[in-house]
Amino acid sequence: MLFDTHTHLDAPQFDEDREEVIARCVEGGVSKMVNVGFNRETIPTTMTLAEKYDFIYAAVGWHPQDAITMKEGDLEWIASLCQHEKVVAIGEIGLDYYWDTSPKDVQHKVFRQQIGLAREIKMPIVIHNRDAHEDVVRILREEKAHEVGGIMHSYSGSWETAKICLDMGFHLSFGGPITFKNAKQPKEVLAQVPMERLLIETDSPYLTPHPYRGKRNESAHVRLVAEAAAQIKGVDIEEIARITTRNALDLFGIL
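Note that my numbering has the sequence shown beginning at 28, numbered continuously upward.
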């Protein structure tokens, strides 16, 4: 059984066939998923999914691209939702220097606030990091994120950065890019990550794995990620499925 630790099944790309997409996940052996709500619009739709399906859990947080939209009271809203039995992490949070949608100082403030909340309520965090490796690591250290740990979502950094994140207690999660022929660095990093810190994901509807690259991604494709991870690690897919599912259950506190 597979665990997709990061998906966006509430995205508008699924509005026409969401139930069929979720059914394909179950048929394909995906036993559990974490849907990620990351702003004012997607947090409520994520909660709706988590409440409707017993195998879908929720992560809630404020995405760095949307940091500028965070208002007074939103942090308290996230904190209140974290009391819900289906909410298992705060995320996705972090820094994004690729899309120029929120000033860096605002991103830093919102990132720090949410790490602080996670430490206060003892909940793992899901990190979005795009072209901001140095600052992400620095802020995680300064805000003592090692106290809660979490996931480096869709990891794309170097092994040197990965080692720092592992030392802080984080898991590294890999998605569709490890199936790409030219994705040398993620494959090299995955090969070195300890099995007990490895997770898999889709980030659907984005980052579709080969051979469906260019089309809409969906959580059932996490099997393709597992197959690629198994090949890189030199084990069979059943071993990858067993270990990554157990890692996710333990990290999220799902019984």
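Just so it is clear, CB atoms sit at the ideal spot from N, CA and C, and this is done for glycine as well.
- Around M28, the same chain offers G56, S58, A268 and T272 as residues with beta carbons nearer than 7 angstroms, after the five sequence neighbours per side are excluded.
- Counting every other CB atom within 10 Å of its CB across the protein chains shown gives I95 a total below 16, marking it as exposed.
- Per the coordinates, the alpha-carbon of T75 lies some 25 angstroms from the alpha-carbon of M179.
- Taken through DSSP and simplified to helix, strand or coil, S185 comes out as coil.
- Look at F201 here: in three-state DSSP terms it is strand.
- Residue range V114 to D123 is occupied by the beta strand (DSSP E) that includes D123.
- In this structure, the straight-line span from the alpha carbon of W89 to that of R139 is close to 11 angstroms.
- The residues E170 and A172, in chain order, have a CB closer than 6 angstroms to that of I142 in the same chain once the five nearest residues on each side in sequence are set aside.
- Within the same chain, and ignoring the five residues on either side of V216 in sequence, the residues whose Cβ sits closer than 6 angstroms to its Cβ are W186 and A189.
- Boundaries cannot be given for A94, as no beta strand (DSSP E) includes it and DSSP labels it neither H nor E.
- Taking a C-beta distance under 7 angstroms as the contact criterion, T32 and V61 qualify as a contact pair.
- Per DSSP, the continuous beta strand (DSSP E) segment holding M60 begins and ends at V57 to G64.
- Within the DSSP secondary-structure output, T34 pairs in a beta bridge with N62 and S231.
- The alpha-carbon of A116 is positioned some 20 angstroms away from that of I270.
- By the Cβ neighbour-count rule, R250 is buried, with 16 or more other Cβ atoms within 10 Å of its own.
- Only residues of its own chain outside the window of five on either side were considered, and among them P91, F138, I154, H155, N156 and V163 have a CB closer than 7 angstroms to the CB of G121, listed in chain order.
- DSSP lists no beta-bridge partner residue for M222.
- In the DSSP assignment, H155 falls within the beta strand (DSSP E) that extends over I152 to R157.
- The criterion of a C-beta distance shorter than 7 angstroms is satisfied by V175 and R146.
- Counting along the chain, no beta strand (DSSP E) covers A256; the unbroken alpha helix (DSSP H) around it starts and ends at V249 to K260.
- For M74, there is no enclosing beta strand (DSSP E); the residue is part of the alpha helix (DSSP H) that begins and ends at T69 to K79.
- In this chain, the beta strand (DSSP E) harbouring V87 covers I83 to V87.
- Ranked by how close their Cα comes to the Cα of D127, the residues D93, I105 and L102 have D93 in first place.
- Of the candidates N274, Y80 and D81, N274 places its Cα closest to the Cα of L199.
- Cα atoms of M195 and E223: separation of roughly 14 angstroms, rounded to the nearest angstrom.
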